[in-house]
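Colleague:
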Amino acid sequence: MDAEQLRERVLELEDLRARSRRLRLSRERLQPRLDRDRALLAERTRLRDAHQGDVDRLDRQGPRRWVASLDGSLDERRQQELAEAQEAAARVEEVRARLATLAVEADQLDGDIAALGDTETPYQEALADLVLAVRAGTPRPGVRGRVEPPPEEQIVTWAERRQQAITRRADVEVLLPQARALVPLMRRIAARIPVVAAGMEASAMVTDARGAAFWSDGLGELRRQVAAADEAVQRLREEVESSQLPDLPLPDLTGFPAPSPGWLRMVDYAEVEARMGEAQQWGERVLAEAEALVAQLLRLREELADA
8 MDAEQLRERV LELEDLRARS RRLRLSRERL QPRLDRDRAL LAERTRLRDA HQGDVDRLDR
68 QGPRRWVASL DGSLDERRQQ ELAEAQEAAA RVEEVRARLA TLAVEADQLD GDIAALGDTE
128 TPYQEALADL VLAVRAGTPR PGVRGRVEPP PEEQIVTWAE RRQQAITRRA DVEVLLPQAR
188 ALVPLMRRIA ARIPVVAAGM EASAMVTDAR GAAFWSDGLG ELRRQVAAAD EAVQRLREEV
248 ESSQLPDLPL PDLTGFPAPS PGWLRMVDYA EVEARMGEAQ QWGERVLAEA EALVAQLLRL
308 REELADA
């Protein structure tokens, strides 16, 4: 197959690849709606069963029916409970019908995606073959909409840029879930710091805030969480270094208040208060850095959307 045929093959595979990616994107956007309606169906089913249970308890002999019979409200209460049960059942059917429609749409998308199969591997292989063919000195391919064929180097540059963009997009897809996982971790640590600070302040106020001394500054548990987060950042740094992405500003977890140098050294409240202030500033900073990393990866994914 000469270079011109290879380029036509690349363009055909690019069309199939673009269609497959559009289908996969539609399927990804559909999944949260499916999950939301499934959760809503379970919730409304429980509510319907609860209302139906109230009706059943009024229908059978028991304390509830006996109490309602004494004050003459049995019929009224039963009608009210029955109306609520019927309304809850109607809401269940509404969600079930919507969920069935979404399930049909999801099945159709899954079928279309399966019918296309793997479009990524043949596309990348065709790109590589095109580069090799042009560098081997085969006839230069034409470009759609042009009378004169492009120079060989232009084809090679185009194909190599496509390959590089594909690799970079794959790197982004690997890094993005890890970066997103950092955000709730940092958020939990940052949210916990004021709670610990309030507890230490309350302990000091029980005695004397000026003369209180502690064996611990209260940050030991948070230091363990920070160490776990630091391991996650280190793994992310290794992934970034092995990728073809530009340097990314990873969260800098240094600067969290260090513990006392010895177990026998007590910490007065003024020092505890200072450490808590440093910890809160640290938490705000690293959370902002983690969110900024996710935002930059999302921008990169958007820039590489056509890759």
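Take any residue in the sequence shown, note its place counting from 1, add 7, and you have its number in our numbering. All residues carry an ideal CB built from backbone N, CA and C; glycine is no exception. All figures in this text were calculated on a predicted structure; none of them were measured in a lab.
Around the Cβ of Asp178, are there at least 16 other Cβ atoms within 10 angstroms (buried) or fewer (exposed)?
Modeller: By the neighbour-count rule (16 or more Cβ atoms within 10 Å), Asp178 is buried.
Colleague: Drop a sphere of 10 angstroms on the beta-carbon of Arg36, count the other beta-carbons inside from all chains shown, and report buried for 16 or more, exposed for fewer.
Modeller: Flag for Arg36 reads exposed.
Colleague: Can you look up Gln251 in the DSSP assignment and give me helix, strand or coil?
Modeller: If DSSP states are grouped into helix, strand and coil, Gln251 belongs with coil.
Colleague: How many angstroms separate the CA atom of Leu260 from the CA atom of Val293?
Modeller: So the two alpha carbons sit approximately 7 Å from each other.
Colleague: Is the CB-CB distance between Val99 and Arg45 below 8 Å?
Modeller: No. Outside cutoff.
Colleague: When you compare only the Cα positions, how much space is there between Pro315 and Leu109?
Modeller: Because the chain spans 8 through 314 in this model, residue 315 falls outside it and cannot be assessed.
Colleague: Could you compute how far the alpha carbon of Glu101 sits from the alpha carbon of Leu20?
Modeller: Distance between the alpha carbons of Glu101 and Leu20 is about 42 Å.
Colleague: Pick out whichever of Arg31, Gln86, Ala133, Asp42 has its Cα sitting closest to the Cα of Glu11.
Modeller: Among Arg31, Gln86, Ala133, Asp42, the Cα nearest to that of Glu11 belongs to Ala133.
Colleague: For Ala140, count neighbouring C-beta atoms within 10 Å of its own C-beta (all shown protein chains included) and say buried if the count is 16 or more, exposed if not.
Modeller: Classification for Ala140: buried.
Colleague: Does Ala297 pass the burial test, meaning 16 or more other C-beta atoms within 10 Å, or should it be called exposed?
Modeller: By the neighbour-count rule (16 or more Cβ atoms within 10 Å), Ala297 is buried.
Colleague: Can you tell me whether Pro258 is buried or exposed, with buried defined as 16 or more other CB within 10 angstroms of its CB?
Modeller: When all chains shown are included, Pro258 counts as buried.
Colleague: The alpha helix (DSSP H) spanning Thr126 covers which residue range?
Modeller: Run containing Thr126: none; DSSP gives neither H nor E here.
Colleague: Assign Glu88 to one of two classes, buried (16 or more other C-beta atoms within 10 Å of its C-beta) or exposed (fewer than that).
Modeller: By the neighbour-count rule (16 or more Cβ atoms within 10 Å), Glu88 is buried.
Colleague: Throw me the rounded Cβ distance for the Phe263 and Arg230 pair, which I believe falls under 8 Å.
Modeller: Between Arg230 and Phe263 the Cβ distance is about 7 Å, and since that is below 8 Å, they are a contact.
Colleague: Per the contact definition of three or more C-beta pairs closer than 8 Å, is the segment 171-185 in contact with the segment 299-311?
Modeller: Yes, the segment 299-311 touches the segment 171-185.
Colleague: Label Arg55 either buried or exposed according to how many other C-beta atoms from any shown protein chain fall within 10 Å of its C-beta, with 16 as the threshold for buried.
Modeller: Answer is buried; the Cβ neighbour count reaches 16.
Colleague: What three-state label does DSSP hand Ala265 in the structure shown?
Modeller: It is coil, neither helix nor strand.
Colleague: In whole angstroms, what separates the C-alpha of Arg105 from that of Ala113?
Modeller: Roughly 12 Å between the two C-alpha positions.
Colleague: Could you compute how far the alpha carbon of Ala90 sits from the alpha carbon of Ser33?
Modeller: So the two alpha carbons sit approximately 40 Å from each other.
Colleague: Within 10 angstroms of its Cβ, does Thr128 collect 16 or more other Cβ (buried), or is it exposed?
Modeller: The residue is exposed, with fewer than 16 neighbouring Cβ atoms inside 10 Å.
Colleague: Buried or exposed: where does Gly290 fall if 16 or more other Cβ atoms within 10 Å of its Cβ makes it buried?
Modeller: With 16 or more Cβ atoms within 10 Å of its Cβ, Gly290 is classed as buried.
Colleague: Out of Leu183, Glu280, Asp9, point me to the one whose CA is closest to Ala239's CA.
Modeller: Of Leu183, Glu280, Asp9, the residue nearest in Cα terms is Leu183.
Colleague: Rounded to a whole number of angstroms, what is the C-alpha to C-alpha distance between Val17 and Asp42?
Modeller: C-alpha separation (whole angstroms): 37 Å.
Colleague: Please work out which residues of its chain come closer than 6 Å, Cβ to Cβ, to His58, disregarding the five sequence neighbours upstream and downstream, and give them in chain order.
Modeller: Closer than 6 Å at Cβ, skipping near neighbours: Glu91, Ala92, Ala95.
Colleague: Going by DSSP in three states, Leu294 sits in which element: helix, strand or coil?
Modeller: It is helical.
Colleague: Does DSSP put Ala140 in a helix, in a strand, or in coil?
Modeller: Ala140 falls in the helix class under three-state DSSP.
Colleague: Have a look at Gly60 and Gln232 and give me their C-alpha separation to the nearest angstrom.
Modeller: Cα-Cα distance, rounded: 46 Å.
Colleague: Does the beta-carbon of Ala186 have 16 or more other beta-carbons within 10 angstroms, so that it is buried, or is it exposed?
Modeller: Ala186 comes out buried.
Colleague: Going by other Cβ atoms of all chains shown within 10 Å of its Cβ, with 16 needed for buried, is Val111 buried or exposed?
Modeller: Burial call: exposed.
Colleague: If contact is defined by three or more beta carbon pairs under 8 Å, each pair taking one atom from either stretch, is the segment 20-31 in contact with the segment 117-131?
Modeller: The answer is yes - the segment 20-31 touches the segment 117-131, with three or more Cβ pairs under 8 Å.
Colleague: Just to confirm the assignment: which complete beta strand (DSSP E) runs, minimum length 3, are found wholly within the segment 20-71?
Modeller: None, since the segment 20-71 contains no complete beta strand (DSSP E) of that length.
Colleague: For Gln303 and Leu255, which I take to be in contact (beta-carbon distance under 8 Å), what is that distance rounded to the nearest angstrom?
Modeller: Indeed they touch by this definition, with Cβ atoms about 6 Å apart.
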